[in-house]
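Residue numbers (the UniProt record's numbering): 1 to 608.
Glycine residues also receive a C-beta, built at the ideal position from the N, C-alpha and C atoms.
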């Protein structure tokens with residue numbers, strides 16, 4: 001079977017499932033709608049995996065490319081829509097689909113019984129979200145990337161404000177929608193400039209046309225605008241303010257997808273657009289791109305880690321951890337080497353399972369105790385040893401503990417980054433220790449009642465106190481899916497780091513991803529892309545030692561925090577930074593404009 005024919009199915013199957021659920025939901029019982037959602041999500045996952053196996057086959061060979069409707073380019077130019085199953089894009093689509101299946105299983109009869117007219121609305125929205133993310137991962141057309149960008153955004157806004165009867169979810173969804181829509185409009189304007197210059201919308205075609213002339217101000221403006229929208233979706237500083245507000249109020253299963261894969265797709269988009277469009281002689285110089293992403297990546301990693309440590313609201317704590325790790329992902333992309341891309345891809349794979357599992361455990365606490373406040377939960381979850389063990393394992397994996405996939409990705413990426421700047425591995429260790437330590441600190445207090453009970457302090461807007469359980473009423477007995485799903489996700493993250501074949505496949509995907517000429521020849525000319533002969537990512541002594549160091553530092557920080565909460569509380573130095581997270585949409589829009597200006601300043605030397 002021609003696996004290229006499966007590429008449209010990766011997008012069409014979840015959309016068909018959403019349409020079926022929307023049309024029949026009011027007549028279907030709850031069990032049937034949940035089952036249908038899982039079936040369509042699983043079918044999409046199977047299609048994406050088949051494409052991935054074909055694309056990831058070792059040795060020379062063209063990965064699947066499908067021109068929808070048979071509209072192939074003529075003489076290098078064309079108007080057709082192309083879907084590309086390169087190993088990294090197909091792998092991301094498979095990751096999205098598998099995580100969606102996990103989320104739907106976790107959500108099995110999770111919410112309180114909706115009115116009959118709303119039955120199936122949640123799985124239908126999840127399937128639309130899945131279609132947008134999968135389409136974004138495999139599209140080879142810049143305008144359609146924007147279409148899928150908006151599709152996943154619209155679904156995410158609706159899912160964030162799913163509990164429409166409460167004001168806080170609506171406020172979080174509004175901030176999410178406004179900021180991300182402005183980012184999308186910036187991307188659309190950049191696409192318009194590229195179309196005006198080249199007359200093309202395909203990524204490969206635009207790249208070839210730009211290389212016929214030198215870079216100028218229009219190319220710089222297009223790069224800045226397109227990248228701005230993608231960095232908003234990635235929640236990079238200073239475009240990140242929407243993410244903690246959205247995570248604090250979104251349903252837990254939605255948070256699993258937002259932090260597990262959607263934010264990472266923004267990082268993927270930045271890398272994909274640069275390598276296929278702007279990496280040639282007619283685009284942006286490598287040093288300018290590296291400088292811009294390094295500055296933003298370092299700012300994102302440090303600010304996210306500092307804010308993560310300051311939180312007592314568990315969802316916000318995990319959200320700022322995601323912001324911090326986004327910074328590390330951006331640094332890996334900024335290295336502009338196959339090793340940097342492969343390491344970042346491994347890091348994303350491992351992080352997705354770990355972060356989704358941590359949110360799943362947080363959902364159990366919310367539904368059992370009607371709060372996710374670290375202080376209010378002090379010692380109350382001693383009766384949940386299994387959930388506590390999963391939460392602790394997730395915190396250790398977040399630190400980069402070998403042999404988890406997050407640890408292998410961290411090790412490979414920090415080694416590649418160390419060749420660019422010798423101090424970057426120390427940044428990876430510090431950020432991993434602080435974010436992992438914050439999770440371990442919360443786990444020690446909540447599940448073990450360790451240390452002294454922390455005292456409330458003035459000026460803590462992050463705390464929400466009592467919340468409404470998403471299951472409608474407090475759980476007396478924890479349903480099996482709420483424990484089985486995070487356990488499976490953590491097991492998968494462990495397998496990614498422990499099975500050499502996974503790292504080898506990701507290494508090949510990273511090498512193909514950075515071969516700009518090979519991508520263009522495969523898409524436009526139908527010629528096979530030869531894989532560069534590079535050693536696959538693997539564990540090295542330095543990476544193992546640094547992973548153990550970051551884990552040890554995290555444990556030390558968590559122990560110190562629970563024993564001496566007053567000394568490790570909220571430094572006054574960070575008070576102005578905390579106040580920036582004001583909750584006012586106007587402030588977030590102003591920071592979006594400032595971030596666009598900063599990105600412009602950082603990349604201007606690239607056209608000289």
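query, result
"C-alpha gap between residue 374 and residue 598, whole angstroms", "36 Å"
"Chain-order list of residues whose beta-carbon lies under 6 Å from that of residue 465 (same chain, five-residue window excluded)", "Only weak support is given to the placement of residue 465: the predicted model assigns it a pLDDT of 48, under 50, and the question is left unresolved by the model."
"Sequence-distant residues of its chain with Cβ nearer than 7 Å to residue 292 (five each side left out)", "599, 602 and 603"
"Cut-off 7 Å between Cβ atoms - residues of its own chain near residue 594, not counting five sequence neighbours on either side", "238"
"Residue from 64, 49, 105 and 430 with nearest C-alpha to residue 93", "49"
"DSSP state of residue 65 mapped onto helix, strand, coil", "strand"
"Bridge partners - residue 81, DSSP secondary structure assignment", "68"
"Contact belief for residue 82 with residue 141 at Cβ below 8 Å, rounded distance in angstroms", "6 Å"
"Residues near residue 462 by beta carbon distance below 7 Å, same chain, minus five either side", "The predicted model places residue 462 with a pLDDT of 49, which falls under 50 and marks its position as unreliable, so this point remains unresolved."
"Distance CB(residue 367)-CB(residue 280) smaller than 9 Å", "no"
"Beta-carbon proximity check, residue 54 vs residue 85, cutoff 9 Å", "yes"
"7 Å CB neighbourhood of residue 158 in its chain, flanking five on each side removed", "125"
"Coarse secondary structure for residue 199, derived from DSSP in three states", "coil"
"Identity of the residues DSSP links to residue 300 by a beta bridge", "Beta-bridge pairing links residue 300 to no other residue."
"Euclidean distance between Cα positions of residue 176 and residue 508", "36 Å"
"Cβ neighbour criterion (16 or more within 10 Å) applied to residue 37", "buried"
"Which listed residue (503, 372 and 505) has its alpha carbon closest to that of residue 447", "372"
"Inter-stretch contact at 8 Å, needing at least 3 Cβ pairs: the region 405-425 / the region 533-544", "yes"
"Cβ-Cβ separation, residue 523 to residue 226 (assumed contact under 8 Å), whole Å", "The Cβ separation is near 19 Å, so there is no contact."
"For residue 413, three-class secondary structure by DSSP", "helix"
"Backbone secondary structure at residue 237 - three-state DSSP", "coil"
"DSSP three-state assignment for residue 74, whether helix, strand or coil", "strand"
"Integer-rounded CB distance, given that residue 247 should sit under 8 Å from residue 265", "Contact doesn't hold; Cβ gap of about 16 Å is too wide."
"Backbone CA spacing between residue 231 and residue 182 [nearest angstrom]", "12 Å"
"For residue 594, the three-state DSSP class (helix, strand or coil)", "helix"
"Assigned exposure category for residue 362 - 16 Cβ within 10 Å defines buried", "buried"
"Sequence-distant residues of its chain with Cβ nearer than 6 Å to residue 358 (five each side left out)", "318 and 394"
"Nearest-angstrom Cα separation, counted from residue 429 out to residue 127", "37 Å"
"Under the three-state DSSP convention, the category residue 44 falls into", "helix"
"Alpha-carbon spacing of residue 562 relative to residue 27, whole angstroms", "52 Å"
"Assigned secondary structure, residue 564 (DSSP; H/G/I helix, E/B strand, else coil)", "coil"
"9 Å Cβ cutoff met for residue 348 and residue 329", "yes"
"Where residue 362 falls: helix, strand or coil (DSSP)", "helix"
"As assigned by DSSP and simplified to three states, the class of residue 420", "helix"
"Contiguous beta strand (DSSP E) assignments of at least 3 residues, all confined to the region 304-340", "none"
"Residue 162 versus residue 12 - alpha carbon distance", "24 Å"
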